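What follows is a single structure, written as structure tokens, with notes after it.
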Amino acid sequence: MRLSSPEFRHNQMIPKKFTCQGEDLSPALVLEDVPPEARSLVLIVDDPDAPMKTWVHWVVYNIPPSVSRIEEGSVAGKQGVNDFNRTNYGGPCPPSGTHRYFFKAYALDTELDLDEGKSKAEVEKAMEGHVIQQAELIGLYRKQ
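Straight run, no breaks: the sequence shown in our numbering ends on number 144.
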């Protein structure tokens, strides 16, 4: 399984448009080679370089496995709560320096029996034992 974006390459800078200094839109994402046995997909975006803890920017679950592209600013599943205390995408907004933003896609052998608005921890707990494959895309951002 592969995860990419037409907006930025792996380990390259995320355009300002997709950050707190721009329009704060989620970037378009492309999912390729999803395993045929997948029943749902999960997308988690977080920043391990944030002070104090890994900062959660976006949690989306129960994405249909047939989804091969998530368009800019759109959602393809149920959204969980992020560390901005919102149930939507929160773009990069590092307090200082260049941070890494991990876009992680997981193919699961089941749909998650979760309502909208669950935390990353609750989603990860429900995913346990169900991950078939995963893919990762890292974007970078530094405030300008």
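A virtual CB, placed ideally from N, CA and C, is assigned to each residue, including glycine. A quick note: this is a predicted structure, and the numbers were derived from the prediction, not measured.
- In this structure, DSSP gives Glu71 a state outside helix and strand, which the three-state scheme calls coil.
- For the set Thr110, Pro6, Val34 and Glu116, the Cα lying nearest the Cα of Glu71 is the one of Pro6.
- A buried status is given to Asn82, since no fewer than 16 other beta-carbon atoms sit within 10 Å of its beta-carbon.
- Rounded to whole angstroms, Ser96 and Thr110 show a C-alpha spacing of 39 Å.
- If you draw a straight line from the Cα of Cys93 to the Cα of Pro35, it is about 33 Å long.
- For the options Ala135, Met52 and Leu108, the alpha carbon positioned closest to that of Val123 is the one of Leu108.
- Excluding its 5 nearest sequence neighbours in each direction, Trp55 has C-beta neighbours in its own chain below 7 Å: Asp46, Asp47 and Asp83, listed in chain order.
- Rounded to the nearest angstrom, the Cβ distance from Phe18 to Leu25 is 6 Å, consistent with a contact under 8 Å.
- Residue nearest to Arg39 within the set Tyr106, Thr98, Lys16 and Asn85 is Tyr106 (criterion: CA-CA distance).
- Nearest Cα to Gln144 within the set Ser66, Arg9 and Cys20: Cys20.
- In this structure, DSSP gives Lys104 an extended state, which the three-state scheme calls strand.
- Residue state for Ala135 is assigned as strand, using DSSP reduced to three classes.
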